[in-house]
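Input: a single structure, listed below in structure tokens.
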Amino acid sequence: AARNQPGPTIRGFEPAMDEAVRWRRETEADLRQAIAEEALVLHYQPQRRLRDQKLVGFEALLRWPHPTRGMIPPVEFIPLAEETGLIVPIGAWVIRAACAEAAQWPEDLRIAVNLSPAQFRHGDLVCTVADALARTGLPAHRLELEITESLLQEDPEDVVRLLRDLRGLGVSIAMDDFGTGWSSLAHLWRFPFGKLKIDRAFITELERDPKLSAIVATIVGLGRILDMTVVAEGVETEEQARILTAEGCEQGQGWLFGRPMPAEAARRLIAEDQDKLSRSAA
Ligand code: C2E
Ligand code: MG
Ligand code: MG
Ligand code: MG
Numbered sequence: 342a343a344r345n346q347p348g349p350t351i352r353g354f355e356p357a358m359d360e361a362v363r364w365r366r367e368t369e370a371d372l373r374q375a376i377a378e379e380a381l382v383l384h385y386q387p388q389r390r391l392r393d394q395k396l397v398g399f400e401a402l403l404r405w406p407h408p409t410r411g412m413i414p415p416v417e418f419i420p421l422a423e424e425t426g427l428i429v430p431i432g433a434w435v436i437r438a439a440c441a442e443a444a445q446w447p448e449d450l451r452i453a454v455n456l457s458p459a460q461f462r463h464g465d466l467v468c469t470v471a472d473a474l475a476r477t478g479l480p481a482h483r484l485e486l487e488i489t490e491s492l493l494q495e496d497p498e499d500v501v502r503l504l505r506d507l508r509g510l511g512v513s514i515a516m517d518d519f520g521t522g523w524s525s526l527a528h529l530w531r532f533p534f535g536k537l538k539i540d541r542a543f544i545t546e547l548e549r550d551p552k553l554s555a556i557v558a559t560i561v562g563l564g565r566i567l568d569m570t571v572v573a574e575g576v577e578t579e580e581q582a583r584i585l586t587a588e589g590c591e592q593g594q595g596w597l598f599g600r601p602m603p604a605e606a607a608r609r610l611i612a613e614d615q616d617k618l619s620r621s622a623a
């Protein structure tokens, strides 16, 4: 439409518009190809119990190794995947691949998988999850599905019904990025989450501002009352871990405990950890 309109402003704008449209079209085509070729990969980031550093599981994080643009992080393609609906097949693949990997790990380790709101609107999420568990043999209690508060903002009743069906399979549901969403506390009574993940935003400044310790302590208290495990995201320093432990936060995830890593590296980490554990027991 802009093409037919005269005037220097609009004409001057055109190349940039074309560029953006072209970028989108190319990225979408590349992404479709990546899905078809199963070229997307998962990295795994460790989660540890703060009290004794025991490995409790990993979060699966999507990566796109692009043939010419290098490793593309999720923030750069998940929004496009959501808009185009491609997140549905991508998400189904993520669930399957993460379950298949976790099925190789020791039985006490869990796998957390992120879900997009679009996966609740389209496709049959409950079947997708049930099918992944059946095919990989992963016991349902070892799978944790992470959702964000934006999901509950949309259509609480439908979403809560779906979440209950998922829980009916035996999987647990975690609230991701807790504290940053719209009217956070309103969601907690609606649904029995297994886990609350305190958003990184609260952890980053933890050492510098005692008000943040108070907020963390409050979330930990909520978790205790509501019987939800509380996990801190984005733990980067020993001092943050110390404060979190003192406030009674149960688990941590962040660069201090390990960056997201390829599957083989995660397997090595698991083996090293077991070694350490058996040595300290001996
Ligand atoms: P998230 O689920 O909140 O994941 C945590 C993000 O924080 C990850 O970014 C992780 O690499 C990063 N992170 C972890 N520890 C630290 C730390 O100590 N410091 C800092 N600065 N960052 C840390 P990543 O991998 O880029 O993923 C970003 C977001 O993309 C995720 O946020 C999640 O919302 C989304 N995402 C990732 N994989 C998937 C997926 O398979 N499906 C869907 N729907 N979304 C995904
Ligand atoms: Mg997450
Ligand atoms: Mg998060
Ligand atoms: Mg996030």
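Okay, so the sequence shown: first residue is 342 according to the UniProt record's numbering, each after it adds one. Using N, Cα and C, we set each Cβ at its ideal position, and we do this for glycine too. All values reported here derive from a predicted model rather than from experimental measurement.
Distance cut-off 7 angstroms: residue i Cβ against heavy atoms of ligand 1
| i | result |
| --- | --- |
| I584 | no |
| I419 | yes |
Extent of the continuous beta strand (DSSP E) run through residue i
| i | result |
| --- | --- |
| K395 | No beta strand (DSSP E) contains K395, which DSSP labels as neither H nor E. |
| V572 | 570 to 573 |
| A443 | From DSSP, A443 is part of no beta strand (DSSP E) but of the alpha helix (DSSP H) over 428 to 443. |
| V416 | It is not in any beta strand (DSSP E) - V416 carries neither H nor E in the DSSP assignment. |
| A453 | 451 to 455 |
Exposure of residue i, with buried meaning 16 or more beta-carbon neighbours within 10 Å
| i | result |
| --- | --- |
| H463 | exposed |
| S457 | buried |
| C590 | buried |
| A453 | buried |
| P349 | Legend: pLDDT at P349 = 49, less than 50; position of this residue unreliable, value from coordinates given subsequently. Classification for P349: exposed. |
| G509 | exposed |
| S619 | exposed |
| Q615 | exposed |
Residue span of the alpha helix (DSSP H) that contains residue i, given as start and end
| i | result |
| --- | --- |
| A515 | Here A515 belongs to no alpha helix (DSSP H); instead the beta strand (DSSP E) covers 513 to 519. |
| L610 | 604 to 622 |
| A555 | 551 to 567 |
| L466 | 466 to 477 |
| E498 | 497 to 509 |
| E580 | 579 to 587 |
Near ligand 2: residue i beta-carbon under 7 angstroms from a heavy atom
| i | result |
| --- | --- |
| D517 | yes |
| E400 | yes |
| E448 | no |
Contact test: residue i Cβ vs ligand 3 heavy atom, cutoff 7 angstroms
| i | result |
| --- | --- |
| K552 | no |
| K538 | yes |
| E490 | no |
| E574 | yes |
Decide if the stretch 574 to 587 is in contact with the stretch 601 to 618; the criterion is three or more beta carbon pairs, one per stretch, under 8 angstroms apart. no
Does the stretch 423 to 438 come close enough to the stretch 492 to 503 to have 3 or more Cβ pairs within less than 8 angstroms? no
Does the stretch 542 to 555 come within contact of the stretch 523 to 533, defined as at least 3 CB pairs closer than 8 angstroms? no
Check whether the stretch 415 to 424 touches the stretch 481 to 495, counting contact only when three or more Cβ pairs, one atom from each stretch, lie closer than 8 angstroms. no
Contact between the stretch 358 to 378 and the stretch 570 to 583: three or more CB pairs below 8 angstroms? no
Does the count of Cβ pairs from the stretch 476 to 487 and the stretch 509 to 520 closer than 8 angstroms reach three? yes
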